[in-house]
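Novice: Below: one structure in structure tokens.
Number of protein chains: 2
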Amino acid sequence: MKSMGPILQDNAKPGERDHAPHIANCSTCTTRHLSICAALGHEELLTFDHVVQHRSFPAKTVLFEQGAKADFVFSVSEGTIRLFRLLPDGRRQIIGFAIKGDFLGVAMDEVHEYTAEAVDYIRVCRIPRAGFAVMLDEKPHLMKKLHQLAGREIHNSQDQIVLLGRKNAEERVAAFLLSFRERLARIATKSVTIPLPMSRQDIADYLGLTIETVSRTISKLAREKLIVVVPDGIRILDVDHLMALADG
Amino acid sequence: MKSMGPILQDNAKPGERDHAPHIANCSTCTTRHLSICAALGHEELLTFDHVVQHRSFPAKTVLFEQGAKADFVFSVSEGTIRLFRLLPDGRRQIIGFAIKGDFLGVAMDEVHEYTAEAVDYIRVCRIPRAGFAVMLDEKPHLMKKLHQLAGREIHNSQDQIVLLGRKNAEERVAAFLLSFRERLARIATKSVTIPLPMSRQDIADYLGLTIETVSRTISKLAREKLIVVVPDGIRILDVDHLMALADG
DNA sequence: AAATGGCCTTGACACAAATCAAGCCGAACC
DNA sequence: GGTTCGGCTTGATTTGTGTCAAGGCCATTT
């Protein structure tokens, strides 16, 4: 829970930290339609190519840290990223998980409000924040799109507030599984099994529980035949029942 | 906790539900510099006057309800509003309290994501959402301002997520008192005493606690001489100690 | 193939906050 | 001026989740 992984060095030359070949350009990017880039026209995509830096990192890499100056915003192309804040005594609260298509930097903060760390192998598009800010000023439709993303982020946060403030362990776990399934469905990873790349500890820190409670609750849901636990994921057997649980 | 208060009728004639004289216009509005209107120039304020509807309502009035079509956005001029969501079985989670200068409708949702209910006597500026959307498209600086507000809302939500996910009762109450004090300070109600217009039940539903735990925790903080309980509010005696508590 | 370590599960017990219950206080009302 | 009622506090008890502890499983290392 305390291991922060290697800190990203920002002064490295393009490509020297890479673990996979770069994507040639934005026009052929398979994540485009899912991401903020969907708001860009053909010509804009070409200019975008010049500022965007495609990067990939292994699990546990710290993309950026809470409190650090926000020099870049990111669009996730592949993998899972945990976003969290730490209390002085080490308690951790995961704010969210970013997956393919998600944008980090919606609020356009000067300083990062949370730490972002790769859960598994990830690929991201890194965009200098200053340049992106200029684009926003020049392209109202991009600004509008960003604001839509902000609205969605506000909704998700409020859902999480209700979950953390008023739901019990069983309701929290059920809601988490369903919402993660929903998000995976949007990015078209059609599969009966929901892959869960994050650890039980991550889930616990996301749901405001302990790892033991998460484990016990998953076992309980499995015992009740609502889900089946499989390697690196779970399968939902009774969606309706689970939804009823999740909604309180 | 279940009392919803009178539902607002939207088809009433201007003024017929009012409990205080209207504000003449936006140019003389004392809340302007605190609100989204601060982004508007002199001329824009004049056009704003034509679409803005000044209204006031007594305590417990429901401004709008979760799930209802969002025909208006609001700017709060006076009083306190609780924003909450209900679970099917009646559990309530207060998402936030809106005070003077706050804007309701940052996300520009089609449908309200929560219910808004007057805590005490309130005055608001009501703006048709469709018209406001047009203004946003025409005035990039207004859009930019709205997005800034969205960013702040995201931050506040994330703070609340950390509070609800990982803080104990004492830390929650301390954080609430300090953050409410901070917000009151911004609207220049300089006073050693922090007025708390909302009930203990409201505070409990905001902090994910029960009314008894809130009451006991406030008593405990008072016993430890960190605060003093006064009619309709509290006074902070030891800010530093309280901050250390609140931050975990 | 034995040893190590990370991750997960399960059991026993502890505790913070919830629940249940009683009573206080001030405002509103007859 | 007594009664009622809503909001708040405080005490006793319960309970859901946290904490502590042990062991299983699997991948990796030696």
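Going down the list, the sequences are from chains A and B. All letters in the first sequence, in the order written, are residues 9 to 256 by this note's numbering. All letters in the second sequence, in the order written, are residues 9 to 256 by this note's numbering. We put the beta carbon where it would ideally sit given N, CA and C, even for glycine. Quick caveat: nothing in here was measured; it's all calculated off a predicted structure.
With a cut-off of 8 Å, does the C-beta of S187 of chain B fall near any C-beta of chain A?
Specialist: As a first step, residue 187 of chain B is located in the second sequence; it is residue number 179 there, counting from the start. Cβ-Cβ to chain A under 8 Å: no for S187 of chain B.
Novice: For a contact defined as C-beta to C-beta under 8 Å, what are the partners of R134 of chain B on chain A?
Specialist: Against the second sequence, residue 134 of chain B aligns to sequence position 126. Result: empty, since nearest Cβ-Cβ is about 20 Å, beyond 8 Å.
Novice: Do you know whose CA, among B:H120, B:P96, B:T36, lies nearest S85 of chain B's CA?
Specialist: Taking the second sequence and counting its residues from 1, the one referred to as residue 85 of chain B is at position 77. Residue B:T36 is the option with its Cα nearest to S85 of chain B.
Novice: Could you check whether the Cβ of H155 of chain A sits closer than 8 Å to any Cβ belonging to chain B?
Specialist: By 1-based counting over the first sequence, the position of residue 155 of chain A is 147. Answer yes: the Cβ-Cβ gap between H155 of chain A and chain B drops below 8 Å somewhere.
Novice: Report the three-state DSSP secondary structure of A212 of chain B (helix, strand or coil).
Specialist: Reading the second sequence from its first residue, position 204 is the one you call residue 212 of chain B. Looking at A212 of chain B - three-state DSSP - the assignment turns out to be helix.
Novice: Around the Cβ of L171 of chain B, are there at least 16 other Cβ atoms within 10 angstroms (buried) or fewer (exposed)?
Specialist: Position 163 of the second sequence, counting from 1, holds the residue named residue 171 of chain B. It is buried - the Cβ of L171 of chain B has at least 16 other Cβ atoms within 10 Å.
Novice: Runs of 4 residues minimum, wholly inside the segment 168–216 of chain A: which ones carry the alpha helix (DSSP H) assignment?
Specialist: Within the segment 168–216 of chain A, the complete alpha helix (DSSP H) runs of at least 4 residues are 177–194, 208–215.
Novice: Under the assumption that I102 of chain B contacts D213 of chain B (Cβ atoms under 8 Å), give the Cβ distance between them as a whole number of angstroms.
Specialist: By one-based count along the second sequence, residue 102 of chain B stands at place 94. By one-based count along the second sequence, residue 213 of chain B stands at place 205. With 8 Å as the limit, I102 of chain B and D213 of chain B qualify as a contact, their Cβ atoms being about 5 Å apart.
Novice: Cα separation between D167 of chain B and L53 of chain B?
Specialist: Counting from 1 along the second sequence, the entry for residue 167 of chain B is found at position 159. Counting from 1 along the second sequence, the entry for residue 53 of chain B is found at position 45. Between D167 of chain B and L53 of chain B, the C-alpha separation is close to 34 Å.
Novice: Just mark E161 of chain A as buried or exposed, buried being the case when its beta carbon has 16 or more other beta carbons within 10 Å.
Specialist: Locating residue 161 of chain A in the first sequence gives position 153, where the first residue counts as 1. The residue is buried, with at least 16 neighbouring Cβ atoms inside 10 Å.
Novice: Give the list of continuous alpha helix (DSSP H) stretches no shorter than 4 residues that lie fully inside the segment 102–162 of chain B.
Specialist: 137–146
Novice: Three-state secondary structure (DSSP) at E232 of chain B?
Specialist: Here the question's residue 232 of chain B lines up with position 224 in the second sequence. If DSSP states are grouped into helix, strand and coil, E232 of chain B belongs with coil.
Novice: Give me whichever residues DSSP pairs with S64 of chain B in a beta bridge.
Specialist: As a working note, residue 64 of chain B is residue 56 in the second sequence. The partner list for S64 of chain B (beta bridge, DSSP) reads B:R131.
Novice: With a Cβ-Cβ cutoff of 8 Å, do V181 of chain B and L229 of chain B count as a contact?
Specialist: Sequence index remark: in the second sequence, residue 181 of chain B carries index 173 (1-based). Sequence index remark: in the second sequence, residue 229 of chain B carries index 221 (1-based). Cβ distance < 8 Å, so V181 of chain B and L229 of chain B count as in contact.
Novice: Can you tell me which of the three DSSP states S85 of chain B falls into?
Specialist: As a first step, residue 85 of chain B must be located in the second sequence, where it is residue number 77. The three-state reading of DSSP puts S85 of chain B in strand, counting E and B together.
Novice: List the residues of chain A that V170 of chain B touches, going by C-beta distances under 7 Å, in chain order.
Specialist: As a working mapping, residue 170 of chain B is identified with position 162 in the second sequence. Near V170 of chain B (Cβ distances below 7 Å), the residues of chain A are R93, Q101.
Novice: List the residues of chain B that H163 of chain A touches, going by C-beta distances under 9 Å, in chain order.
Specialist: Residue mapping note: residue 163 of chain A aligns to position 155 of the first sequence, counting from 1. Ordered by position in chain B, the residues that pass the 9 Å Cβ test against H163 of chain A are A115, D117, E121.
Novice: For the segment 205–232 of chain B, list every residue whose C-beta sits within 9 Å of some C-beta in chain A, in sequence order.
Specialist: D213, Y214, L215, G216, L217
Novice: Taking R174 of chain A as the query, report the chain B residues whose CB atoms sit under 7 Å from its CB, ordered along the chain.
Specialist: The count along the first sequence starts at 1 and reaches residue 174 of chain A at position 166. Taking a Cβ-Cβ threshold of 7 Å, the residues of chain B close to R174 of chain A are L95, R99, Q101, G216, in chain order.
Novice: Using 8 Å as the threshold, is the segment 145–153 of chain B in touch with the segment 193–206 of chain A, meaning 3 or more CB pairs across them?
Specialist: No: the two stretches stay apart, fewer than three of their Cβ pairs being nearer than 8 Å.
Novice: Closer than 7 Å, Cβ to Cβ, to anything on chain B: give me those residues from the segment 61–77 of chain A, in chain order.
Specialist: none
Novice: With a Cβ-Cβ cutoff of 8 Å, do V114 of chain B and R63 of chain B count as a contact?
Specialist: Locating residue 114 of chain B in the second sequence gives position 106, counting from the first residue. Locating residue 63 of chain B in the second sequence gives position 55, counting from the first residue. No, these two residues do not count as a Cβ contact at 8 Å.
Novice: Go ahead and pull the three-state DSSP assignment for L250 of chain A.
Specialist: On the first sequence, position 242 is the one that residue 250 of chain A refers to. Three-state DSSP puts L250 of chain A in a helix.
Novice: Leaving out five residues before and five after A254 of chain B in sequence, what residues of the same chain have Cβ atoms less than 7 Å from its Cβ?
Specialist: Translated into positions along the second sequence, residue 254 of chain B becomes position 246. If we look at A254 of chain B and ignore the five residues flanking it on each side, its Cβ neighbours are E179, A182, A183, L186.
Novice: So which residues on chain A does A141 of chain B lean against when the C-beta distance must stay under 7 Å?
Specialist: The count along the second sequence starts at 1 and reaches residue 141 of chain B at position 133. Correct list: empty, because the minimum Cβ distance to chain A is about 10 Å.
Novice: In the structure shown, what three-state DSSP assignment does R40 of chain A receive?
Specialist: Taking the first residue of the first sequence as position 1, residue 40 of chain A is located at position 32. In the structure shown, R40 of chain A sits in a helix (DSSP, three-state: H, G or I).
Novice: G109 of chain A: buried (16+ other C-beta within 10 angstroms of its C-beta) or exposed?
Specialist: Along the first sequence, read from residue 1 onward, the residue named residue 109 of chain A stands at position 101. Answer is buried; the Cβ neighbour count reaches 16.
Novice: So with Cβ pairs under 8 Å, would you call A138 of chain A a contact of chain B?
Specialist: Numbered from 1 along the first sequence, position 130 holds the residue referred to as residue 138 of chain A. No - not a single Cβ of chain B is within 8 Å of the one on A138 of chain A.
Novice: On a Cα-Cα basis, can you pick out the residue from B:G139, B:T225, B:T69, B:F92 that is closest to F80 of chain B?
Specialist: Here residue 80 of chain B refers to the residue found at position 72 of the second sequence. Cα-wise, what sits closest to F80 of chain B is B:G139.
Novice: Quick check: is the beta carbon of M275 of chain B nearer than 8 Å to any beta carbon in chain A?
Specialist: One cannot answer for residue 275 of chain B here, as it falls past the ends of chain B, which runs 9 to 256.
Novice: For chain A, check one thing: does any of its Cβ atoms lie closer than 8 Å to the Cβ of D255 of chain B?
Specialist: On the second sequence, residue 255 of chain B is found 247 positions in, with the first residue counted as 1. For D255 of chain B, the answer is yes, since a Cβ of chain A falls inside 8 Å of its Cβ.
Novice: Hey, G8 of chain B and N164 of chain B are a contact pair by Cβ (cut 8 Å); roughly how many whole angstroms apart?
Specialist: With chain B covering only 9 through 256, there is no way to say anything about residue 8 of chain B.
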